[in-house]
Amino acid sequence: MDEDPSQDSDQDDEMGFVTASLMKPEQYEKQDKEYLKQKKAQLAALGKWTHINCLRQNARERIQDELLRLLVYVPETDNRSKDDGPPRSRLNSLLAAVDLENVLQATAPPLPVEDLPGGSVSFLFERTSETTTDDDAEALSLASESELE
Numbered sequence: 009m010d011e012d013p014s015q016d017s018d019q020d021d022e023m024g025f026v027t028a029s030l031m032k033p034e035q036y037e038k039q040d041k042e043y044l045k046q047k048k049a050q051l052a053a054l055g056k057w058t059h060i061n062c063l064r065q066n067a068r069e070r071i072q073d074e075l076l077r078l079l080v081y082v083p084e085t086d087n088r089s090k091d092d093g094p095p096r097s098r099l100n101s102l103l104a105a106v107d108l109e110n111v112l113q114a115t116a117p118p119l120p121v122e123d124l125p126g127g128s129v130s131f132l133f134e135r136t137s138e139t140t141t142d143d144d145a146e147a148l149s150l151a152s153e154s155e156l157e
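If you use this note's numbering, the sequence shown corresponds to residues 9 to 157, in order.
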C-alpha cells in the first residue's frame with residue numbers, strides 16, 4: 009500500500025509515549041520549533057492591540073477613536089479649562105511641554121476607582137488596522153511623489 013508522505017509527518021506529531029532512549033533529536037526539535045512559531049504568532053497578535061489605562065490623566069490623548077474618547081471620564085480641573093482656549097503657538101506648546109506642572113500632571117498616579125462615577129470606562133483595548141486599501145496606497149504614493157518634486 010502506498011502511503012502519502014504527509015500522513016507520515018502527521019503520525020510523527022502524534023507518536024504518544026516513547027521511552028527517552030528511543031527519542032531522536034530531530035523529532036523533538038521539530039516539535040519545539042513548531043510550538044515556538046505558534047507562540048510567537050499568538051504574541052504578535054497581542055501586539056496589535058493598544059492597552060490604555062483610562063484612569064491616567066493623559067488617557068484621552070492616546071485614544072484614536074473619537075467616540076471612545078468621549079466615553080472616558082475626565083475630572084474637571086483648572087488646568088484642563090485653560091487648555092480649552094484658542095490654539096497655542098509653537099513656542100507656547102514647547103514651553104508647556106517642559107513646564108514642570110504639566111510634566112507632573114502627566115506622570116500623576118491614576119485616579120482611584122472610588123472617585124469614578126458609576127459606569128465609567130477604566131481600561132480600554134483599542135485595535136487599529138495597519139492595512140491600507142489600494143486607493144489609500146495610491147494616494148500615499150502620489151503624495152510622496154509630489155513632495156519629491
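C-beta: ideal position from N, C-alpha, C; glycine also.
- In the structure shown, ARG135 falls within a strand segment according to DSSP collapsed to helix, strand and coil.
- Just so you know, the alpha carbons of ASN66 and ASN100 end up roughly 19 angstroms apart.
- Here the C-alpha atom of GLU122 lies approximately 57 angstroms from the C-alpha atom of GLU34.
- The three-state secondary structure of ASN100, taken from DSSP, is helix.
- Closest option to VAL129, judged by alpha-carbon separation, among PHE25, LEU103, SER97, TYR81: TYR81.
- By alpha-carbon distance to PHE133, the top candidate from ALA28, ARG98, ASP73 is ASP73.
- Here ILE60 is bridged, per DSSP, to LEU132.
- As the crow flies, the alpha-carbon of ILE71 is around 20 angstroms from that of PRO125.
- With fewer than 16 other Cβ atoms from the protein chains shown falling within 10 Å of its own Cβ, LEU103 counts as exposed.
- In this structure, the alpha-carbon of LEU119 lies about 15 angstroms from that of GLY127.
- CA-to-CA, the gap between LEU44 and GLU37 works out to about 10 angstroms.
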